[in-house]
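Residue numbers (my numbering): 199 to 933. Take a look at the structure below.
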Amino acid sequence: MGPNAIGAPRGSDDLMTSTTTATILPAVDADRRSVTFTGWLWIIAIGVLFLALHWSFVNRMIHIATKAPGGKKAWDLLVHIVMNPWNADWSHTLIVPLISLYFVVRSGSRLAVTPRRVFPMGLGIFFLGLLSFFWWVHPGRNDMLQGFSMVFALFGLVLFLVGPAMMRILWFPIAYLVFFVKISDRFWNLIAWKLQGIAAEAATIVLKFLSLIINFDVSKSGNKIEVGYAQGGAYLTSALAVEEACSGLRMLMAFVALGVAMAYLTDRMWWQRIVMVALTVPIAVAVNVGRVVTLGLLSMVDDQMIKGDFHTFIGMLMLIPAAGLFWLAGWILDKMVIVEESGRSIRPSAHIDKTVAGKVADCDGGDKRQKMLDVVKGLGAGAILSGLVGLNYYVLLLVWLQPYRQDMSQWTANVCLGASVLALVVAAFLIWRLVQPSGSSTAESSSANAKKVSGMPGRPATIALGIGAGILMTALTGFGAVNKINGVVLLKHPIELRNPLYRLRGDFGNWKWVGEDPELPPEQLEVLGTEEYISYDFLDRNANPGSPAFQVKLHVTYYTGNPDTVPHVPERCIIGGGATGVGQSYPTLNLEGPQYREVPRGFDVGSIVLGQDVFMPDLQINATLFQYHWPENPDRTISVIYFFIANHKFLASPDLVRLHGFDPRDQYSYYCKVEVGLGNISDPEVAVQRASDFLSKLLPEVMGCLPDLTQLQKDSVPSPELDLTTRRLNSSRRS
199 MGPNAIGAPR
209 GSDDLMTSTT
219 TATILPAVDA
229 DRRSVTFTGW
239 LWIIAIGVLF
249 LALHWSFVNR
259 MIHIATKAPG
269 GKKAWDLLVH
279 IVMNPWNADW
289 SHTLIVPLIS
299 LYFVVRSGSR
309 LAVTPRRVFP
319 MGLGIFFLGL
329 LSFFWWVHPG
339 RNDMLQGFSM
349 VFALFGLVLF
359 LVGPAMMRIL
369 WFPIAYLVFF
379 VKISDRFWNL
389 IAWKLQGIAA
399 EAATIVLKFL
409 SLIINFDVSK
419 SGNKIEVGYA
429 QGGAYLTSAL
439 AVEEACSGLR
449 MLMAFVALGV
459 AMAYLTDRMW
469 WQRIVMVALT
479 VPIAVAVNVG
489 RVVTLGLLSM
499 VDDQMIKGDF
509 HTFIGMLMLI
519 PAAGLFWLAG
529 WILDKMVIVE
539 ESGRSIRPSA
549 HIDKTVAGKV
559 ADCDGGDKRQ
569 KMLDVVKGLG
579 AGAILSGLVG
589 LNYYVLLLVW
599 LQPYRQDMSQ
609 WTANVCLGAS
619 VLALVVAAFL
629 IWRLVQPSGS
639 STAESSSANA
649 KKVSGMPGRP
659 ATIALGIGAG
669 ILMTALTGFG
679 AVNKINGVVL
689 LKHPIELRNP
699 LYRLRGDFGN
709 WKWVGEDPEL
719 PPEQLEVLGT
729 EEYISYDFLD
739 RNANPGSPAF
749 QVKLHVTYYT
759 GNPDTVPHVP
769 ERCIIGGGAT
779 GVGQSYPTLN
789 LEGPQYREVP
799 RGFDVGSIVL
809 GQDVFMPDLQ
819 INATLFQYHW
829 PENPDRTISV
839 IYFFIANHKF
849 LASPDLVRLH
859 GFDPRDQYSY
869 YCKVEVGLGN
879 ISDPEVAVQR
889 ASDFLSKLLP
899 EVMGCLPDLT
909 QLQKDSVPSP
919 ELDLTTRRLN
929 SSRRS
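Structure representation (structure tokens):
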């Protein structure tokens, strides 16, 4: 299609290009800059301020993606990133911002000819995102919602500065940043549970079909697939555990991010993109089924090929067929629609005076003193507005939450809220007037229009940029000051065990250590998430050797520096192994014995491992009891009891660990799961009593291995309302 297409006025060839009915991409002069030097300075300044304000979350994501422990200095963190393997679950998050930036650069020609204007309504979205971020830092304490709030705030800020027309282009690069956010384990594990069963079932069907061609046997129990085959005159079996590393979870988010990017990489109709996005999860599951089948076939060649680095390599290799399937889906969707040339070129959304735009793009122009005054006005207005919003946020906390109000009456708090809201409304109105274009003359209007296109800020745009910078500077200063005053530690430091867990090999009262499970292979250690663990067997020398209570298994795992991740609970792993759940309850374990001596805020008890007393916060422990049976023995009910110790608090469930295991003022963080396998005990009361007797002897020794936070943080007093909330939640779980 030629430049002088139907409906195109002469002299406008440089502003137009031929297009299809699916997408309109106006062209732009090669020498016209979409952003001037001054504009780049503003972008860098506001970007640095925005990143600094949200650095606590970004830094945490870097640590999660690279499996770096908290507390490392910048150089040590860089060395760790280069020298150590990254987190296979979330390492893709570090590439997401680069992909978003690519989509922005790719749209440069459209951005250059799209009119931009200050849109005051964007400030409301911006502040809502900022306040949401502050809330989820403290007291909300939720990493995932911090990340979503950050993306929401960025959307509002950009909308305020460039307006709806340009946001129609920029919304996708900004929205794509949600893939930078780590999904909370609580929700992610729900997805993993479903995908584990789907992957195991589908892989079993495919392997059984292949067994008709290749002579081998296939059986499945839970999420475990067993392959049997003849080799060298012997019949061998190889077991495949379809755990996270093989169920779609490990690469699921990377596959979804890849699929969404490919859906928007080429110009497609909206419904085609929706179809491609909807296909991301099925393709991810299909690819992971292929991975399980591949590992099953390789296990008959050499069972070492399904372990270690080669196992991980096979998983990474699956990105290639995933990309191929996404490309194939896009190709099929493109072939389903015939797009004809429209026969006409499309004029940009706003007519541009080339002479004026060129002059504006190549010089600073205007009164420099007036520009500086506009910047000062914007910074001051942004600082005042940010301060008033922060004041309203604080007053709302006074009105809603009694601990913040202290001695202030409800009536006084309501009056303060009314006054602060009125001041905020007045300030918002004045700022709205401040960023409105004056339109005093045709020349100014033409110049302002050119500036909007060229990226050279006019007066309203300059003031708006100043307002954005002022808000971010004030919020950054206030956020840091409030956290410092309250002693809030945004990134917890790891802390080593006081004694290694293997010190629990030994005799403790009537309980004798008799053995341990084999060491886990590297791929299972990666799923477990820690190398600090034990699985020991103990015998009760006072019990009858044939009784179900004669032997128990103690399983302890230790984690530090990352309070967002909680280890697997037994019911998920046991059912995934093929067992059937019978019931679950939340009993209270009672530790008893003359060795416990009451002291302020807890109890002291001697520890053989430590060689001195250890502190116990309570002798009543809220725990979870899970009972199950195996398909081959449906009449034999097995009981397991577990709980968590998080920064010297006993908590019954992973949810309570995430919600109440860590005080915001704690500098260090650790938690461990204590699990007691009780064997063939079907009576819940007997199981609880047996676990209480065992832990009365063994738990002081476990506490002797855990860090002593009472010495490291003896000046940190837990919040009374936090402890009250924890007790209430534990009580509600028991009921």
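Idealized CB from N, CA, C, for every residue including glycine.
Fill in: Per DSSP, cross-strand counterpart(s) of residue 666
Beta-bridge pairing links residue 666 to no other residue.
Worksheet item: Once you ignore the five residues that flank residue 837 on each side, which residues in its own chain have a CB closer than 6 Å to its CB?
Response: 825, 876, 879, 885
Discussion item. Classify residue 240: buried if its beta carbon has 16 or more other beta carbons within 10 angstroms, exposed otherwise.
Written reply: buried
Worksheet item: Alpha carbon to alpha carbon, how far is residue 904 from residue 859?
Response: 15 Å
Practice prompt. Could you check the C-alpha separation between residue 309 and residue 242 for me, to the nearest Å?
Written response: 18 Å
Worksheet entry | residue 465 versus 841, 612, 528, 720, residue with shortest Cα-Cα distance | 528
Fill in: Helix, strand or coil at residue 832 according to DSSP, with G and I counted as helix
strand
Worksheet item: What is the DSSP secondary structure of residue 733, reduced to helix, strand or coil?
Response: strand
Practice prompt. Take residue 842 and list the residues in its own chain whose beta-carbon comes closer than 8 Å to its own, dropping the five residues that flank it on each side.
Written response: 764, 848, 849, 850, 851, 852, 854, 855, 859, 869, 870, 871, 872
Worksheet item: Of the choices 670, 677, 316, whose alpha-carbon is the least far from that of residue 631?
Response: 316
Worksheet item: Is it true that the CB of residue 449 sits closer than 8 Å to the CB of residue 524?
Response: no
Discussion item. I need the boundaries of the alpha helix (DSSP H) containing residue 772, first residue and last residue.
Written reply: 768 to 774
Discussion item. Please classify residue 291 as buried or exposed, where buried requires at least 16 neighbouring CB atoms within 10 angstroms.
Written reply: buried
Practice prompt. Return the chain-ordered list of same chain residues with a C-beta closer than 6 Å to the C-beta of residue 446, the five sequence neighbours on each side being excluded.
Written response: Per-residue confidence for residue 446 stands at a pLDDT of 46, beneath the threshold of 50, marking its modelled position as unreliable; the derived number appears in the next sentence. For residue 446, where only same-chain residues beyond five positions count, the Cβ hits under 6 Å are 393, 397, 482, 483, 486.
Fill in: residue 355 versus residue 693: straight-line alpha-carbon distance, rounded
39 Å
Worksheet item: So, is residue 684 buried or exposed, given that buried needs 16 or more other C-beta atoms within 10 angstroms?
Response: exposed
Worksheet item: In its own chain, which residues sit with a C-beta less than 7 Å from the C-beta of residue 844, not counting the 5 before and 5 after it?
Response: 855, 859, 860, 869
Worksheet item: In chain order, what residues of the same chain have a beta carbon less than 6 Å from the beta carbon of residue 777, not counting five sequence neighbours either side?
Response: 826, 828
Worksheet item: Where residue 477 and residue 457 are concerned, what is the direct C-alpha to C-alpha distance, given to the nearest angstrom?
Response: 8 Å
Worksheet item: Among 574, 467, 501, which one has its Cα closest to the Cα of residue 534?
Response: 467
Worksheet entry | Continuous alpha helix (DSSP H) stretch holding residue 415: start and end | Element bounds for residue 415: not the alpha helix (DSSP H) but the beta strand (DSSP E), 415 to 419.
Worksheet entry | residue 788 - partner residues in DSSP beta bridges | 818
Practice prompt. Identify the continuous beta strand (DSSP E) that holds residue 464 and give its terminal residues.
Written response: Run containing residue 464: none; DSSP gives neither H nor E here.
Item to complete: Kindly indicate which three-state DSSP category residue 777 falls into: helix, strand or coil?
Response: coil
Worksheet item: How should residue 779 be labelled, buried or exposed, when 16 other C-beta atoms within 10 angstroms of its C-beta is the threshold for buried?
Response: exposed
Discussion item. Taking the alpha carbon of residue 428 as the reference point, which residue from 896, 498, 613 has its own alpha carbon closest?
Written reply: 498
Practice prompt. Give the DSSP-derived three-state secondary structure of residue 749 in the structure shown.
Written response: strand
Worksheet entry | Same chain only: Cβ atoms within 7 Å of residue 857, ignoring 5 sequence neighbours per side | none
Item to complete: Return the Cβ separation of residue 754 and residue 900 in integer angstroms, given the expectation that the two are a contact with Cβ distance under 8 Å.
Response: 6 Å
Item to complete: In angstroms with no decimal places, state the Cα-to-Cα distance between residue 305 and residue 624.
Response: 38 Å
Practice prompt. Pull up the distance between the alpha-carbon of residue 577 and that of residue 361, whole angstroms please.
Written response: 20 Å
Discussion item. Following a CB-centred definition, is residue 266 positioned closer than 7 Å to any heavy atom of the ligand NAP?
Written reply: The model depicted lacks the ligand NAP and carries no ligand whatsoever.
Worksheet entry | residue 515 to residue 728 span [Cα, whole Å] | 25 Å
Fill in: Bridge-paired residues (DSSP) for residue 841
872
Practice prompt. Go ahead and pull the three-state DSSP assignment for residue 759.
Written response: coil
Worksheet item: Is it buried or exposed for residue 660, if we count other Cβ within 10 angstroms and need 16 for buried?
Response: buried
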